[in-house]
Amino acid sequence: MEIPFKKPELDDREAIQRHLAARKLRGCERTFANIYLWARFYNVVWAEIEGTAVFRSEFDGKYSYTYPVGEGSRKAAIRVLLEDCEEKGYPFRLHGVSREELEELEQYFPEKFQVEWQRDAEDYVYETEKLIRLSGKKYHGKKNHINQFKAACPDWSYEPITDENVEECFQMALHWRTDNGCNDDPEKNSEMCVALNSLRLFKELGLRGGLLRADKEVAAFTLGEPVCDDTFVVHIEKAYADIRGAYPMINQQFLEHEAAEYTYVNREDDTGDEGLRQAKLSYHPVFMVEKGIVTLKGDL
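This is the structure:
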């Protein structure tokens, strides 16, 4: 039987969110907005299998699935995927698998699978209150950058993103794309397409946004959403690099105004970029969201 995979549409938001909410998940990709916005770049499709939701992506011409989410039979769903792979003659592969999911998989099918953990894909999770207060010696540098921003831009202001100001953020993003050579870099260009679509559909996707003004112009903006009851994930963050302190300032202000009720904030992965890794480590994560690639033992 053919699995009825289809592209995620805005009308699928309620159904997908219901499945995702059945288990506490903290990975940045475990939200409808992330799934929907990146679907075109990774050929993401989804299907309801045995009362669960499964998402299939395409990497290097090969299919890869997420671990089933939802209140249905995850074991039965995995069995359907295994049978489908065997029938079609392509290797079985799960991506973004958490430690908890791997343990469950081992209980269902002992000694059947192997895992390769991906450091470059791990999400950095912080205590929200600490990133708002920035107290103590270890955040001294961040506090200094924010003070430099305030000194250079004494008329600065913060606003939530609304229908009235979202177009200004859109225009700022277009300028940022040109300034950073995104048109010549496919990966950067994909990220900017996601950022622009996040702004265009922020209400439909249920995203929260914030912007920072300097000299009355938008200098930075960010967008995010809750991923579970205690964790907020920041998906998009853009600031002009020549405005010193704009990045730490929008980070601090956005969390203070839009996410202070959440214990943790997920600021996503570093994609293996060493500069980005050092920047994310400098905020002192409280833990990482590990993600693994699961394959059948003996498969490459």
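-5 is the number of the first residue of the sequence shown in our numbering; add one for each residue after it.
Glycine included, every Cβ here is placed at the ideal spot set by N, Cα and C.
Keep in mind the model is a prediction, meaning the values are calculated, not measured.
query                                                                                                                                         : result
So, are the CB atoms of Phe215 and Met166 less than 8 Å apart?                                                                                : yes
Using the beta-carbon count (16 or more within 10 Å), is His229 buried or exposed?                                                            : buried
Specify the secondary structure class of Ile43 as computed by DSSP and reduced to three states.                                               : strand
Candidates Lys82, Pro2, Glu81 and Phe196: which alpha carbon is nearest Ala47's?                                                              : Pro2
Between Leu88 and the rest of its own chain, which residues show a CB-CB distance below 6 Å, the 5 nearest in sequence each way excluded?     : Tyr59, Tyr61 and Val288
Is the beta carbon of Ile140 closer than 8 Å to that of Gln246?                                                                               : yes
When the Cα of Arg20 is compared with those of Asp157, Asp117, Glu255 and Glu153, which residue comes out closest?                            : Asp117
Mind listing, in chain order, the continuous alpha helix (DSSP H) runs of no fewer than 4 residues lying wholly within the region 147 to 226? : 160 to 173 and 180 to 194
What is the DSSP secondary structure of Glu255, reduced to helix, strand or coil?                                                             : coil
Is His89 helix, strand or coil by DSSP?                                                                                                       : strand
At the level of alpha carbons, what is the spacing between Arg68 and Glu284?                                                                  : 20 Å
Quick check on Leu133: does DSSP put it in helix, strand or coil?                                                                             : Checking the displayed sequence, the identity of residue 133 turns out to be Tyr instead of Leu. Here Tyr133 sits in helix by DSSP.
Just curious, the beta strand (DSSP E) that Phe107 is in, first and last residue?                                                             : Phe107 to Trp111
Going by DSSP in three states, Asp6 sits in which element: helix, strand or coil?                                                             : helix
Where does the unbroken beta strand (DSSP E) through Glu121 begin, and where does it stop?                                                    : Asp117 to Glu121
Measuring alpha carbon to alpha carbon, tell me which residue in Asp209, Leu217 and Arg17 is nearest Arg194.                                  : Leu217
Looking at the strands, I want to know which residues DSSP matches up with Tyr57.                                                             : Glu52
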